[in-house]
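J.:
In our numbering, the protein residues as written are 105 to 701.
#1: Please look up how many angstroms separate the CB atoms of residue 257 and residue 269, rounded, as I've assumed it's under 8 Å.
#2: Name the one or two DSSP bridge partners that residue 340 has.
#3: Compute the Euclidean distance between the alpha carbons of residue 277 and residue 217, then round it to the nearest angstrom.
#4: Going by C-alpha to C-alpha distance, which of 502, 571, 503, 536 sits closest to residue 524?
#5: Count the other CB atoms within 10 Å of the CB of residue 683; is the residue buried (16 or more) or exposed (fewer)?
#6: Looking only at its own chain, which residues have a Cβ that is under 6 Å from the Cβ of residue 71, when we skip the five neighbours before and after it?
#7: May I ask which residues mark the beginning and end of the alpha helix (DSSP H) holding residue 230?
#8: With distances taken Cα to Cα, identify the nearest neighbour of residue 223 among 208, 376, 242.
#9: Would you mind reading off the limits of the alpha helix (DSSP H) that contains residue 157?
#10: Using beta-carbon positions only, say whether residue 583 and residue 565 come within less than 7 Å of one another.
#11: Looking at the strands, I want to know which residues DSSP matches up with residue 370.
#12: Contact between the region 472-488 and the region 585-599: three or more CB pairs below 8 Å?
#13: Hey, how far is the Cα of residue 332 from the Cα of residue 303?
#14: Check whether the Cβ atoms of residue 633 and residue 346 sit closer than 7 Å, and answer yes or no.
#15: Hey, how far is the Cα of residue 467 from the Cα of residue 476?
#16: Anyone know if the C-beta pair for residue 418 and residue 380 falls short of 7 Å?
#17: Run through DSSP, which three-state label would residue 673 get?
#18: Under three-state DSSP, which class holds residue 106?
#19: Flag this pair as touching only if the region 590-608 and the region 619-637 have three or more C-beta atom pairs under 8 Å; answer yes or no.
#20: Rounded to whole angstroms, what is the Cα-Cα separation between residue 638 and residue 203?
#21: Looking at residue 107 and residue 702, is the spacing between their C-beta atoms short of 7 Å?
#22: Are residue 425 and residue 616 close, meaning C-beta to C-beta below 7 Å?
#23: Would you give the residue range spanned by the alpha helix (DSSP H) that residue 477 belongs to?
#24: Cutting at 7 Å between CB atoms, please list the residues of its own chain near residue 689, excluding the five before and the five after it.
#25: Grab me the residues of residue 601's own chain with a C-beta within less than 7 Å of its C-beta, minus the 5 sequence neighbours each way, in chain order.
#26: Exposed or buried, residue 200, counting other C-beta atoms within 10 Å across all chains shown (16 or more means buried)?
#27: Which of the three DSSP states is assigned to residue 637 in this structure?
#28: Can at least three beta-carbon pairs, one atom from the region 140-151 and one from the region 384-402, be found at a separation below 8 Å?
#29: Tell me the DSSP secondary structure of residue 214 in three-state form.
#30: Check residue 250 in the structure and name its three-state DSSP category.
#31: Per DSSP, residue 312 forms a beta bridge with which residues?
#32: If I follow the unbroken alpha helix (DSSP H) through residue 619, where does it start and stop?
#33: Do residue 627 and residue 666 count as a contact pair if the criterion is CB distance below 7 Å?
#34: Is residue 131 near residue 399, with beta carbons less than 7 Å apart?
#35: So residue 659 is in the alpha helix (DSSP H); what residue range does that whole segment cover?
#36: CB-CB under 6 Å to residue 669, same chain, minus the five flanking residues each way: which ones, in chain order?
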C-alpha cells in the first residue's frame, strides 16, 4: 500500500483488539504515529478504568510523548503509563511483589548509578587486580551485567568473566538490591511463576504500545509474551538495532513481523533527510525509503572529506560548508558523531578550544568517599539551580543530597517511616534547607564549615518544626576530610559553585558532540560523522544485515536533515567510486576557495 495519509489513518484507527507491528525507518514519523494511536486508544477504550502502557526506550522519548500530548490538549488519564520498561516493572511488579523472591521478605531496592563503587575493593579481589586498576569503565560493566537465555549472569561487553558476574549478582541480592537489568529478569520470574499476578497486570493494561522494539532483550520479549490479555502495538526498525551490548535481539522484532496473528505495516516515507542522504542509506538496506519531506528535493550531495589529516582541520572544514546551509531554527543546527567515548572527549576539547582543569577537590572526594561526594555535589548543584531560578530542579537536588545523607539510598527508596517523617515533612525540610543554602555568603563559607553548619541547621530544624531529633542520622556531615584537610578549609563554596557553572556551560556547548548510540532518536540540520579508521568507515558502509557495526553507520548517516559530511583518515576517492551518484569529495582547497572569494 502507498504510504500516504489514508494508509497511516488505517494504522491509527485499526480495531483496538488488533495486534500490530510497524516497520518504521529513520525520519518516518513513527513518534507521531505512536502518539496518534495512543490518542485513539484513550478516546475509544470501552471502559475508562482500563489502563494503557506506552513503553519507551529512553526517558527523553517519554518526555517528548508527554509534552506533545499536553501541547495538543490531551487529558492524560490517571491509568496511563508512559515510560521505560524498567520504570513500568518497578512500579507494577518489583515494588509490590519482589518480596516473594527475597529471603528477607521485603521488596528489593534498585541499586542506583555508581553503586559498584561501594564494592571497589571486593571487585578488585575477584578480578585479581589492584584497586587502582578498577576504572569507571569496569565499574560500568558491573552495573550493566545482563542475563543469558538460561538466566545466568552475562557480560555482553565481554569485560567480566562469568564466575565473577555470578558472584556480583549474588552480592547484590544478599544486600537486598537488584540492578537495572535484573529488574526485567526478576519481573519475568515473578510473572512466570504467579499466574494470578501476570493475569492481573495484563487485565489492568489491555493496551500496550512498545517503541524501538528491535532493541527488546530476550527476557523482555519472554515477559511480553506472558501478558496474554494485552494487545500490543509494536514499532521498530531492524536496521537501527545497535544495542547488542545490552542484550538487545533484533530477531524479536523479526519474529513479531513474521507472526501471522499480527497485522504488519511498513512506513516507507522519510520526512527528514535530503534525497542523497536517503539514497546513501538505502544502499545499505533492503528496505528502501522515499524522500517525502521538504528537504527531499535538495541537490546537496553527501560530502566525503579526502586529503585532510587532522580532526581539527576536518571540523573547521565542516563548519565552513555548513555556513552555506540555511538552517531551520526549530532544529538543532549541527551534531558531530563518533563511535567511542574517548574519541568524543578529544573532539570536545578541540571544539571548546581550551583546556579546563577538572575540579580536583571533587575528584579526590569522589575517590575517597563517594557518599559524601554525592551529598556535597547535589547540595551545590541545588545552589546553582536556585541561582538560575529553577526551583523545582533545586529541590530535587536537595532531596537527592538528603537521601544519601540520611539513608544512603536513591530518593525513590528512602524509608521515611524509619525517622518518623511523612512526605510533606520531608519536602518541607528540603525547601527550608534550600532557603538556608541560598542565604549563605558563599565566598566566606569553606567546604568544611558548610558540613558543620548544615549538620546544626538540619538537626535544629527537625526539632523545631516537627519535634523529631535526627542528629544521629547526620553522621555523614562529621568528616575528617581524609587527604583533603587543607583543601576543605581553604576551598570556598563560591569557588566550587562557580566551577560547576563553568563545567555546566561547557557541557551544554559540547552537547553537539555525541556518540552515535546516544544520537539515536535525534536529528540535526547538519551532521559530521567521524570514523577513527578507514576500515571502521568501510564497515559502517556495509550492508546492514552483515554486522551490527554496519547498522551503527546507518544510524549515524540517517541523523542528518540537510547536510551529511563523513571523514576517516586516509580516504581515497577511488575506493568509493561506487557511491559517486550520491557523494562528492572535498578537501582543504574548499576553504582556500572560500577565503579567496
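We treat Cβ as the ideally placed atom computed from N, Cα and C, and that holds for glycine. Remember, predicted model here, so these are calculated numbers, not experimental data.
T.: Reading off the structure:
#1: Their Cβ separation, rounded to whole angstroms, is 4 Å, which keeps residue 257 and residue 269 in contact under 8 Å.
#2: DSSP lists 127 as partners of residue 340.
#3: Taking the CA atoms as reference points, residue 277 sits about 16 Å from residue 217.
#4: It is 571.
#5: The residue is buried, with at least 16 neighbouring Cβ atoms inside 10 Å.
#6: Absent from the structure is residue 71, since the part of the chain shown begins at 105 and ends at 701.
#7: 224-231 is the span of the alpha helix (DSSP H), which, as asked, contains residue 230.
#8: Comparing Cα positions, the closest option is 242.
#9: For residue 157, there is no enclosing alpha helix (DSSP H); the residue is part of the beta strand (DSSP E) that begins and ends at 156-160.
#10: For residue 583 and residue 565, no; Cβs fall outside 7 Å.
#11: BP columns for residue 370 point to 127.
#12: Contact holds: three or more Cβ-Cβ distances are below 8 Å.
#13: C-alpha separation (whole angstroms): 7 Å.
#14: No, they are not a contact pair.
#15: Roughly 12 Å between the two C-alpha positions.
#16: Contact flag unset, no.
#17: Reduced to three states, the DSSP call for residue 673 is coil.
#18: The three-state reading of DSSP puts residue 106 in coil, since its state is none of H, G, I, E or B.
#19: No, because fewer than three Cβ pairs between the region 590-608 and the region 619-637 fall closer than 8 Å, the two stretches do not touch.
#20: Whole-angstrom Cα-Cα distance: 53 Å.
#21: Because the chain in this structure spans residues 105 to 701, residue 702 falls outside the shown range and cannot be described.
#22: No, Cβ-Cβ distance for residue 425 and residue 616 is not below 7 Å.
#23: That run of the alpha helix (DSSP H) goes 474-491.
#24: In its chain, beyond the 5 residues on either side, 408, 410, 677 have a beta carbon closer than 7 Å to the beta carbon of residue 689.
#25: Cβ neighbours of residue 601 beyond the five flanking positions: 484, 487, 488, 546.
#26: Residue environment: residue 200 is assigned as exposed (fewer than 16 neighbouring CB atoms within 10 Å of its CB, all protein chains considered).
#27: In the structure shown, the three-state DSSP call for residue 637 is coil.
#28: The region 140-151, when compared against the region 384-402, does not touch it at the 8 Å Cβ threshold.
#29: DSSP places residue 214 in strand when its eight states are reduced to three.
#30: In this structure, DSSP gives residue 250 an extended state, which the three-state scheme calls strand.
#31: Paired residue(s): 157, 336.
#32: For residue 619, no alpha helix (DSSP H) run applies; the uninterrupted beta strand (DSSP E) run containing it begins and ends at 617-619, by DSSP.
#33: No.
#34: Residue 399 is positioned such that its CB atom lies no closer than 7 Å to that of residue 131.
#35: DSSP places residue 659 in the uninterrupted alpha helix (DSSP H) bounded by 652-661.
#36: Cβ neighbours of residue 669 beyond the five flanking positions: 407, 422, 632.
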